[in-house]
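> Before anything else, here's the structure in question.
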Amino acid sequence: MSLLEIRDLEVAFNTSDGVVRAVRGLSFDVDRGQTLAIVGESGSGKSVATQTITGLTRGAKVTGRATFDGVDLLQADRQTLQKIRGARIGMIFQDPLSSLHPYYRVGWQIVEMLRAHDKSISKSAARDRAAYLLSQVGIPHAKERIDDYPHQFSGGMRQRVMIAMAMALEPDLLIADEPTTALDVTVQAQVLTVMRRLQEEMGTAIILITHDLGVVAEMSDQIVVMYAGHAMEKAGRRELFYGYHNPYTEGLLASLPVHGNAGRLQPIAGTPPSTIDPPARCAFAPRCPYVFDRCWQEDPPLRTVYDDPAHSSACWLPTDRAGRQAARAKLAEARAVAEEPV
Ligand SMILES: Nc1ncnc2c1ncn2[C@@H]1O[C@H](COP(=O)(O)OP(=O)(O)O)[C@@H](O)[C@H]1O
Ligand code: SF4
Ligand SMILES: [Mg+2]
Numbered sequence: 257m258s259l260l261e262i263r264d265l266e267v268a269f270n271t272s273d274g275v276v277r278a279v280r281g282l283s284f285d286v287d288r289g290q291t292l293a294i295v296g297e298s299g300s301g302k303s304v305a306t307q308t309i310t311g312l313t314r315g316a317k318v319t320g321r322a323t324f325d326g327v328d329l330l331q332a333d334r335q336t337l338q339k340i341r342g343a344r345i346g347m348i349f350q351d352p353l354s355s356l357h358p359y360y361r362v363g364w365q366i367v368e369m370l371r372a373h374d375k376s377i378s379k380s381a382a383r384d385r386a387a388y389l390l391s392q393v394g395i396p397h398a399k400e401r402i403d404d405y406p407h408q409f410s411g412g413m414r415q416r417v418m419i420a421m422a423m424a425l426e427p428d429l430l431i432a433d434e435p436t437t438a439l440d441v442t443v444q445a446q447v448l449t450v451m452r453r454l455q456e457e458m459g460t461a462i463i464l465i466t467h468d469l470g471v472v473a474e475m476s477d478q479i480v481v482m483y484a485g486h487a488m489e490k491a492g493r494r495e496l497f498y499g500y501h502n503p504y505t506e507g508l509l510a511s512l513p514v515h516g517n518a519g520r521l522q523p524i525a526g527t528p529p530s531t532i533d534p535p536a537r538c539a540f541a542p543r544c545p546y547v548f549d550r551c552w553q554e555d556p557p558l559r560t561v562y563d564d565p566a567h568s569s570a571c572w573l574p575t576d577r578a579g580r581q582a583a584r585a586k587l588a589e590a591r592a593v594a595e596e597p598v
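To get my numbering, take the position in the sequence shown, counting from 1, and add 256.
Set out below in structure tokens:
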């Protein structure tokens, strides 16, 4: 059994404009010690899906299952959820100040957190542990910096402090929601390396949420590509990067420096659709270069592709490799004709 099993998760919000269906029938598994990346443009439902799992979405209508080590988190009472959060599921966000209190010294905050979950640990032992954790995430002079306030750290260092705090109780699962989005590229890589080192040391599973496929290239074992509340494609990392099926994944990859034409990055044209009263068609149809009649008539379900049970795609293109390649060749030909000078 996987550590976390999400099944048919639906999350909807009542708004004055209508019912926003932020997550629509999402299923995935996270295995112990593994990293699952959830990738998709802003508004695709990544944060809502993971916040719902940890009981942090308020006022939403939620159905489905989220089984964590045998406990359905969607049915669990407040107390059970509170115990699991922090101790067994750690969380980090884009903005460290959402988890770090600005008015308290960082060491004190880690000490309080350790003592809240383990009454038997002495203050000085907790302090030693906090200093050790800060050194583990690469804070220089951790023993002294333990008495600094959050604002005395740079953005990247603050992100490391938040990782130290989220990992302090050696959780089974870390949910990292756009943890490096606000950081520059070099610092991003350092912060991800720190996360991975702690993961290896503690055997933690990670759900890494990002809008940037580049970030997950190094880090992930499994990838879920989300669009308009749906999973568009699910696959292992290699399979996704080198043998993707879904045109939306293709679009995300084309916007990466290493995969797109060098120097000619191509962001996907158009904007993601609203999920208020989504029509019964492929959500990506208005932006998809491959679109054909059937795409406008029926919403494609996730289907196994390339005979790989671990690889699925929600798309009406042929599910065999030859058929998919033929579609790509046809599109390339049509594009070449369109670009020919008259
Ligand atoms: N509390 C809320 N009430 C209404 N709509 C919401 C609420 N929270 C999120 N949404 C909507 O749900 C969709 C998914 O949001 P989110 O999960 O934050 O996207 P992502 O994290 O992928 O950028 C968006 O359309 C967003 O506007
Ligand atoms: S179903 Fe059609 S519109 Fe949707 S991604 Fe596939 S080809 Fe494109
Ligand atoms: Mg988000």
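Note that CB positions come from ideal geometry on N, CA and C, so glycine has one too. Quick caveat: nothing in here was measured; it's all calculated off a predicted structure.
Is it a yes or a no for the stretch 314–323 touching the stretch 344–359, going by three-plus beta-carbon pairs under 8 Å?
no
> What is the rounded straight-line gap between the Cα of Gln408 and the Cα of Leu390?
14 Å
> To the nearest angstrom, how far is the alpha carbon of Gly296 from that of Arg361?
35 Å
> Could you tell me whether any non-hydrogen atom of ligand 3 is closer than 7 Å to the CB of Ser303?
yes
> Between which two residues does the beta strand (DSSP E) containing Gly274 stretch?
Gly274 to Val286
> Per DSSP, which one or two residues make a beta bridge with Arg341?
Answer is Ile345.
> Near Pro523, which residues of its chain fall below 7 Å by C-beta distance, leaving aside the five closest residues on each side in sequence?
Annotation for Pro523: Ser511 place their beta carbon closer than 7 Å to its own, counting only its chain and skipping 5 residues before and after.
> Can you check whether the CB of Ser303 is closer than 8 Å to the CB of Ile465?
yes
> Below 8 Å on the Cβ atoms is my guess for Thr442 versus Val481; work out the distance and round it to an integer in Å.
That belief does not hold up - the Cβ atoms of Thr442 and Val481 are roughly 26 Å apart, past 8 Å.
> Can you tell me whether DSSP reads Lys379 as helix, strand or coil?
helix
> With 8 Å as the threshold, decide whether the Cβ of Arg344 is near any Cβ in chain B.
Note that chain B does not occur in the displayed structure, where there is just one protein chain.
> Could you pull the start and end residues of the alpha helix (DSSP H) that Gln498 belongs to?
Checking the sequence, you will find Tyr at residue 498 rather than Gln. Annotation for Tyr498: the continuous alpha helix (DSSP H) segment containing it runs Arg493 to Gly499.
> Can you give me the Cβ contacts of Gly274 inside the same chain, cut-off strictly under 8 Å, excluding the 5 residues immediately before and after it?
Ile532 and Asp533
> Identify every run of the beta strand (DSSP E) within the stretch 539–592, keeping only runs that are complete inside it and at least 3 residues long; order them along the chain.
558–561 and 564–570
> Buried or exposed: Asn502, going by 16 or more other Cβ atoms within 10 Å of its Cβ?
buried
> For Trp364, which of Ile377, Tyr405, Ile345 and Asp328 has the nearest alpha-carbon?
Tyr405
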